[in-house]
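Asks:
Protein chains: 2
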Amino acid sequence: MAEPAKSSPLSELRIALPSLPMRLQEVGRFVAANDYDATTRSMRDLAAEAGADPAAFTRLAKAIGYSGWDELRAALTEARRPSQTSPFSGRAKGRRHGPNADVTLVTDKLEAEAAGLPRIPAQPIAEAARALHDAKRIWITGYRSCRSVAELLNYELRLFRPEQVQLVGASGPDDLDLGAFRPGEAVIVIGFLPYTNASVRVAQAAHRSGATLIAIADSHSAPMAEGADHVLLFEAASPPGFFPSLTGAIAIAQSLAAVTFSLGGAAAKKRLENTEARLAAASTYVSEKG
Amino acid sequence: MAEPAKSSPLSELRIALPSLPMRLQEVGRFVAANDYDATTRSMRDLAAEAGADPAAFTRLAKAIGYSGWDELRAALTEARRPSQTSPFSGRAKGRRHGPNADVTLVTDKLEAEAAGLPRIPAQPIAEAARALHDAKRIWITGYRSCRSVAELLNYELRLFRPEQVQLVGASGPDDLDLGAFRPGEAVIVIGFLPYTNASVRVAQAAHRSGATLIAIADSHSAPMAEGADHVLLFEAASPPGFFPSLTGAIAIAQSLAAVTFSLGGAAAKKRLENTEARLAAASTYVSEKG
DNA sequence: TCGGCCATGAAACATTTGTTGCACGGATTT
DNA sequence: AAATCCGTGCAACAAATGTTTCATGGCCGA
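Protein chains in written order, with my numbering: chain A, 1 to 290; chain B, 1 to 290.
1) Between A:E78, A:M22, A:A222 and A:E156, which has its C-alpha nearest A:E276's C-alpha?
2) Going along chain A, which residues have a C-beta under 7 angstroms from B:V106?
3) Which residues share a DSSP beta bridge with A:A215?
4) A:I15 touches chain B at which residues, Cβ-Cβ below 9 angstroms?
5) What residue from A:A101, A:D108, A:I188 and A:L117 has the CA that sits closest to A:A131's CA?
6) Output the distance between the C-alpha atoms of A:Y285 and B:L24, rounded to the nearest integer angstrom.
7) Could you tell me if B:Q254 is buried or exposed, where buried requires 16 or more neighbouring beta carbons within 10 angstroms of its beta carbon?
8) Could you pull out every residue in the same chain whose Cβ sits closer than 7 angstroms to the Cβ of A:P121, ignoring the five residues on either side in sequence?
9) Taking 8 angstroms as the threshold, find out whether the segment 154-170 of chain B comes into contact with the segment 215-234 of chain B through three or more Cβ pairs.
10) Going by C-alpha to C-alpha distance, which of B:A129, B:V106 and B:I190 sits closest to B:C146?
11) Using the rule of at least 16 other Cβ atoms within 10 Å of the residue's Cβ for burial, across every protein chain shown, is B:A280 buried or exposed?
12) What residues of chain B sit near A:H145, judged by a beta carbon separation below 8 angstroms?
13) List the DSSP bridge partners of B:I138.
14) Name, please, each residue of chain A whose Cβ falls closer than 8 angstroms to the Cβ of B:A129.
15) Just checking my contact of B:Q164 with B:R182 at CB under 8 angstroms: how many whole Å lie between their CB atoms?
16) Taking A:L46 as the query, report the chain B residues whose CB atoms sit under 9 angstroms from its CB, ordered along the chain.
17) Looking only at C-alpha atoms, which of B:R158, B:S19, B:T39 and B:T107 sits nearest to B:A79?
18) Residues in its own chain within less than 6 angstroms of B:S287 by CB, not counting five upstream and five downstream?
19) CB A:L117 to CB A:A267, shorter than 8 angstroms?
20) By how many angstroms is the C-alpha of B:R271 removed from the C-alpha of A:L153?
21) Just mark B:E185 as buried or exposed, buried being the case when its beta carbon has 16 or more other beta carbons within 10 Å.
22) Note down the Cα distance separating B:R73 from A:F160, rounded to an integer number of angstroms.
23) Less than 8 angstroms between the CB atoms is what I'm expecting for A:V231 and A:A126, so what's the real figure, rounded?
24) Are the beta-carbon atoms belonging to A:M224 and A:A205 less than 8 angstroms from one another?
25) How would you write the range of the alpha helix (DSSP H) that A:A280 sits in, first residue to last?
26) So B:A32 contacts chain A; which residues on that side make the cut at Cβ distance below 8 angstroms?
27) Is DSSP giving B:T196 helix, strand or coil here?
28) Per DSSP, A:Y285 is paired with what?
29) Is the shortest distance between the beta-carbon of A:F242 and the beta-carbons of chain B less than 8 angstroms?
30) Give every residue of the same chain whose Cβ lies closer than 7 angstroms to the Cβ of A:L263, excluding the five residues on either side of it in the sequence, and list them in chain order.
31) Is B:Q204 close to chain A? Criterion is C-beta to C-beta, closer than 8 angstroms.
32) Residue range of the alpha helix (DSSP H) that B:I15 falls in?
33) Which whole-angstrom value describes the C-beta separation of A:A198 and A:Y143, a residue pair presumed to lie in contact below a C-beta threshold of 8 angstroms?
34) Beta-carbon of A:S221 versus every beta-carbon of chain B: anything under 8 angstroms?
35) Secondary structure at B:E226, three-state DSSP: helix, strand or coil?
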C-alpha cells in the first residue's frame, strides 16, 4: 500500500492502532489522547490511570516498531519539543521547494476565504431567519454544488422543525413541488454563477405563488434573486482554475439555522432534544467513554 | 518579608538564583534555560550535560523550597502542560438581548469561523491530495450533517474524475460498498463529535482493506481517524446552543479538491472542460446575457 | 594557627523504573 | 476432541532513578 506519512510517532501510532490486539488498542488510545503525560510521567503511573497492565505499554511500543517504551517515549518527547518552528509552519523537515507549492496554495486559499466571511452582511440573515420563523413551511432548493448547502440547511432545520421543512425534489420530480408552494410558506434558493436553470424556475414559481422567497447568492443581480424578499450575499469567486468557494454559503446557511433556532425558543429546544434523544436511542452515535 | 510573585516555578527559581551558592547557580541557570529537558530527561542526564554533580539538582530544589528534585520537576511539568482550553475562548461578549441581538449573534459567529480557517493545517491537505491523485478510485463517506460535505467533495471531484469517484451508499446499502474497498483506492471519511457509528464502520473497513484512509475530523482522537493515513483537522466547536460548524470542513473539502485538480494537470483540465461543455449543451445553465 | 562552617564531589542507599519470563484462558485449527 | 497459538495478567528481574551520607577541601573568624 501507499506508504503512510509517518511525520510523527503519534501518527504512526494512530495508523497502527486498529490492527492491534484489543488491550493494546486501549493503551494506545490512552497514549494518543494523553501524549503529554506519556512523555512526563512514568509507565506505571500511566498504567494505573489507564487501568491497564504496565507491561502493555512495553508491548505497545514493540508492536509499532520501537525497541521498548523508553524509545517510544523518547520519540514522543522529541516530537513535542517546543524547538525551532513558529506556531504554524507544519513540521517542515526543511521542505522549501516543489511539493511545498501546494501547501502555500492551500494556505492562501484558506486565508482568502477567511477574509471573505466577515464581509457577509449579517442584517439580512437575521431578517431572513425571522421570515423562516414565521413560515408555516420551508422549502429548500440548491442544484449541483449548491446541493450540499441545501442539504445541510435542510438537515439542521429539520432537527427542530421536522414536519415543516422539505428539500425541493426530495420526494419526486422537482416540478411536483413547484405547484405546492403557498403563501405563508418560505422558499430558499441557493445558487451562484453560472446559474442553474432549474433553480431559477423554482425561484420564479415561489415568487408567483406568493410564498416568501429567500435567495442565497453571489450577486444581487442573480436570476434567483429577482423578486426575492431576502437576498443573502456571499463571495463565491476563487482564483482562476479553482472551483467557486462555497464556504460563505455554508456559513450563511449555518447562521440562518442558528438564528432561526434561537427564535424558536423553548419549543425549538424541546424538539431538538427529542430528536437527539431519538438518535441516541437508536444508537446512531458512538457512545462516549473515559 | 515580601512574597515574590511565584507565578511559575521557573520565576521562583530565577528570583532565588542570585542568593544561591555558585555551583547551584550554574545548575539553576541550566534548568531555567532548558526547562523542557528538565521535565523530560533524568537528573543524571541533565547533570552530565550541564557538567555538574547529580546531587546538585536535589540541593537546588531544596534550596528554593521544594522537598526534592522530583517535586520541582513535577511543578515544572504542570506549568508546561498544554492548556486544554480550546483555541476559542476570548469571547463571550455580554450582549444577549436587545433590538439587534440576532445581528451581533451572526457577526460574532462569522468572525469566529473566519478566525478558525487559517488555523487549519495545510500540509496534511496537500499530502492527502497527492494520495487522492494516486488513487485508482475514491470513496467518500459522510453521515448526517457531514453528508453535505461528502456530497460537495463528491461533486467537485467528479467534475474531472467522473468514473473514479463514488459516494459510499449512493448505489445501495452502505454495507455493499464496504466490501468493495481495495488497496490502491482511497476512502475519505468525514465526521465530528458526536461520531456516527456508520462512519466509524466505514473507516475500519477501509483500513482493513488496505485502502488509503483519509479522515476529515475535529480531533486526532476521533474514531475514524484511527489508522488513518491522513488526518485533516478542522474546528467544529460552536457556542452552546449552536450547531457544530461545518465551515472548516467545507473549506478543507474544497482545498482538497482544488489541489487534487491541480495535480491532475492537463488531463484533469481536459476532463473538466468536457464536463462543462456537456452541461452547457444540455442547457443546464442560464445563458449569459447583457 | 586552630577550629568550625559550608560548599562540593563521590559513593552507597532504598526506591522506582522498564523489562521479561511464566502461567493461565479463550479462540482457532487440525 | 486434542493441539496449538495468541493475548493477557502477574511477579520477579536487573538497571536506572532520586536521595542521602560521608569525606574532602577551601574559607573565614577567633
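Beta carbons: idealized from backbone N, C-alpha and C, even for Gly.
Replies: Let me lay it out:
1) A:E156
2) A122, I125, A126, S255 and V259
3) A:V189 and A:V231
4) H207, L213, E226, G227, A228 and D229
5) A:I188
6) 57 angstroms
7) buried
8) L233
9) no
10) B:I190
11) exposed
12) For clarity, residue 145 of chain A is Ser in the given sequence; the question names His instead. Chain B residues near A:S145: L152, Y155 and E156.
13) B:V165 and B:A186
14) D102
15) 12 angstroms between Cβ atoms; not a contact.
16) The contacting residues do not exist; A:L46 stays about 14 angstroms from chain B at best.
17) B:T39
18) none
19) no
20) 31 angstroms
21) buried
22) 52 angstroms
23) Not a contact, Cβ separation roughly 13 angstroms.
24) no
25) T247 to A281
26) The contacting residues do not exist; B:A32 stays about 15 angstroms from chain A at best.
27) strand
28) B:T196
29) yes
30) A129, R130 and H133
31) yes
32) P9 to A16
33) 5 angstroms
34) no
35) coil
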